[in-house]
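Residue numbers for the sequence shown follow this note's numbering, beginning at 16 and rising by one.
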Amino acid sequence: MHSKYFQLQLSTSAGISLHDVTPQIRDCLADSGIGNGFVTVTSRHTTTALTINENEARLLEDVKAFFTRLVPPGDEYLHNDIQLRDCPPDEPENAHSHLVAMLLGSSEVVPVSEGRLVLGQYQSVLLVELDGPRERTVAVQVVGE
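#1: Quick one: does T57 have its CB under 8 Å from some CB of chain C?
#2: Under 6 Å Cβ to Cβ from H111, same chain only, skipping five residues before and after it: list those, please.
#3: Closest to S128 by CA distance: which of A80, K19, L44, V155 is it?
#4: Looking at the unbroken beta strand (DSSP E) that takes in E150, where does it start and where does it end?
#5: Under 8 Å by Cβ, that's how I've got A64 and V124 pegged, so tell me the actual separation to the nearest angstrom.
#6: Where does H34 land, buried or exposed, given buried means 16+ other C-beta within 10 angstroms?
#7: Could you check the C-alpha separation between S121 and T27 for me, to the nearest Å?
#8: Does the contact criterion of 3 or more C-beta pairs under 8 Å hold for the region 57-74 versus the region 140-147?
#9: Buried or exposed: which applies to V157, given that a residue is buried once 16 or more other Cβ atoms fall within 10 Å of its Cβ?
#10: Roughly how many angstroms lie between the CA atoms of Q138 and E108, to the nearest whole one?
#11: Among D46, H60, C102, G30, which has the Cα closest to the Cα of F21?
#12: State the Cα-Cα distance for the pair V54 and V153, rounded to the nearest angstrom.
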């Protein structure tokens, strides 16, 4: 069993945005030399998430609108009461971003067979930015033979 670790660096867009990281993960897999096993992809941030879904522009707009309705940024959250927290005064009011990230999760595991990611025809690995714009890091661990 072999393992190879990679880090992806991304610059994200303002607010909520979704970024297809599948091509970069395929590059990591190719560089790993591993033909059969799995890839674990993990966000290293508390206001981003990872999911597998279709990378279609109108669906992505629906997803952003859904997240905003589900956890409205303008609602009152204890995390956003900066005066009562031990944090810098310029700390963003981003409780809604943390909450959506918790619902989605911070990692995905994709099987690898014959040197290829095992994804369906319309599936992509998407980094979900919930508090952009920011510089983000995604960890990619390829494990197998």
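A virtual CB, placed ideally from N, CA and C, is assigned to each residue, including glycine. A quick note: this is a predicted structure, and the numbers were derived from the prediction, not measured.
This is what the structure gives:
#1: Included in the structure is just one protein chain, with no chain C present.
#2: The residue labelled residue 111 in the question sits at position 96 within the sequence shown. Only V86, P88 meet the Cβ criterion.
#3: The residue you call residue 128 lines up with position 113 of the sequence shown. Closest option to S128, Cα to Cα, is L44.
#4: The residue labelled residue 150 in the question sits at position 135 within the sequence shown. From DSSP, the beta strand (DSSP E) with E150 extends over 150-159.
#5: Position 49 of the sequence shown, counted from the start, is the residue given in the question as residue 64. Position 109 of the sequence shown, counted from the start, is the residue given in the question as residue 124. Rounded, the Cβ-Cβ distance is 15 Å, inconsistent with contact.
#6: Counting from 1 along the sequence shown, the entry for residue 34 is found at position 19. Label assigned to H34: buried.
#7: On the sequence shown, position 106 is the one that residue 121 refers to. On the sequence shown, position 12 is the one that residue 27 refers to. When rounded, the distance between both Cα atoms is 16 Å.
#8: yes
#9: For the purposes of this step, residue 157 is taken as residue 142 along the sequence shown, with counting starting at 1. Burial call: buried.
#10: Here residue 138 refers to the residue found at position 123 of the sequence shown. Here residue 108 refers to the residue found at position 93 of the sequence shown. Taking the straight line from one Cα to the other gives about 32 Å.
#11: Position 6 of the sequence shown holds residue 21. Looking at the Cα atoms, D46 is the closest of the given residues.
#12: Against the sequence shown, residue 54 aligns to sequence position 39. Against the sequence shown, residue 153 aligns to sequence position 138. Rounded to whole angstroms, V54 to V153 spans 12 Å at the Cα level.
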